[in-house]
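J.: Here it is, the structure, as structure tokens.
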Amino acid sequence: MATSSNLFGKTGEQIAKNHLEKNGYEILEENWRTGRAEIDLIAYKNKTIIFIEVKTRSGTFFGHPEDFVNNKKQKLFTDAAEEYLYQTQHKGEIRFDIISIILDKDATTPNLKHIEDAFWNY
5 MATSSNLFGK
15 TGEQIAKNHL
25 EKNGYEILEE
35 NWRTGRAEID
45 LIAYKNKTII
55 FIEVKTRSGT
65 FFGHPEDFVN
75 NKKQKLFTDA
85 AEEYLYQTQH
95 KGEIRFDIIS
105 IILDKDATTP
115 NLKHIEDAFW
125 NY
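To convert a position in the sequence shown, counted from 1, into the numbering used here, add 4.
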């Protein structure tokens with residue numbers, strides 16, 4: 005059974021997906037999993053595969069959403085990306101992005117920040 009925080013996160017991921025598609029990204033995968041790691045969105049644009057972590061929060065009281073992508077999360081994320089690249093045999097450019105979303109309580113006015121090249125642990 006989905007919890008309200010899961011639904012909140014899924015809403016953020018849908019907002020992020022819509023943003024990417026509107027800006028010319030092709031969505032290759034959603035919620036791609038390997039082992040303990042998950043990549044929220046994998047997209048393609050300008051011959052580059054982009055691995056995207058979506059962080060959705062209701063406010064910034066505890067910090068901005070992107071602040072929650074710590075070194076441990078980055079390591080899991082890049083390990084998953086490495087597995088994806090191995091499986092797909094992609095040899096071109098890659099990038100790691102974060103999409104930070106702050107939703108008000110009614111989830112009607114998203115504040116989205118797309119951070120390209122957010123980190124590089126690869």
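Ideal placement from N, C-alpha and C gives every residue a C-beta, glycine not left out.
Quantities reported herein were computed from a predicted structural model and do not represent experimental measurements.
1) Is the beta carbon of G16 less than 8 Å from the beta carbon of I102?
2) Rounded to whole angstroms, how far is the Cβ of F123 from the Cβ of F100, which I believe are closer than 8 Å?
3) Decide if T113 is buried, meaning its Cβ has at least 16 other Cβ atoms within 10 Å, or exposed.
4) Starting from the C-beta of E87, find all residues in its chain whose C-beta is less than 7 Å away, skip the five residues before and the five after it, and write them out in chain order.
5) Looking only at DSSP bridge pairs, what is I46 linked to?
6) Which of the three DSSP states, helix, strand or coil, is assigned to Y126?
7) Once DSSP output is grouped into helix, strand and coil, what is the label at F81?
8) Taking the alpha-carbon of G28 as reference, which of S62, E34, W36, T52 has the nearest alpha-carbon?
9) Could you give the residue range of the beta strand (DSSP E) that holds F100?
10) What would DSSP say about H94, mapped onto helix, strand or coil?
11) Within the continuous beta strand (DSSP E) that includes K117, where are the two ends?
T.: Short version:
1) Taking the first residue of the sequence shown as 1, we reach residue 16 at position 12. Taking the first residue of the sequence shown as 1, we reach residue 102 at position 98. The answer is no: Cβ separation not under 8 Å.
2) Walking along the sequence shown from the start, residue 123 turns up at place 119. Walking along the sequence shown from the start, residue 100 turns up at place 96. With 8 Å as the limit, F123 and F100 qualify as a contact, their Cβ atoms being about 5 Å apart.
3) The residue you call residue 113 lines up with position 109 of the sequence shown. So T113 counts as exposed.
4) What you label residue 87 is simply residue 83 of the sequence shown in a count that begins at 1. For E87, where only same-chain residues beyond five positions count, the Cβ hits under 7 Å are T38.
5) Looking up residue 46 in the sequence shown gives position 42. The secondary-structure analysis by DSSP pairs I46 across a beta bridge with E33, F55.
6) One-based indexing of the sequence shown puts residue 126 at position 122. Reliability of the predicted coordinates at Y126 is poor, the pLDDT of 45 falling under 50, and no value is obtained from them.
7) Translated into the one-based positions of the sequence shown, residue 81 becomes position 77. Shown here, F81 sits in a helix according to DSSP, grouped into three states.
8) Numbered from 1 along the sequence shown, position 24 holds the residue referred to as residue 28. Per the Cα distances, T52.
9) Within the sequence shown, the letter at position 96 stands for residue 100. Element bounds for F100: 97-106.
10) For the purposes of this step, residue 94 is taken as residue 90 along the sequence shown, with counting starting at 1. Coil at H94, not helix or strand.
11) Taking the first residue of the sequence shown as position 1, residue 117 is located at position 113. 115-119 is the span of the beta strand (DSSP E), which, as asked, contains K117.
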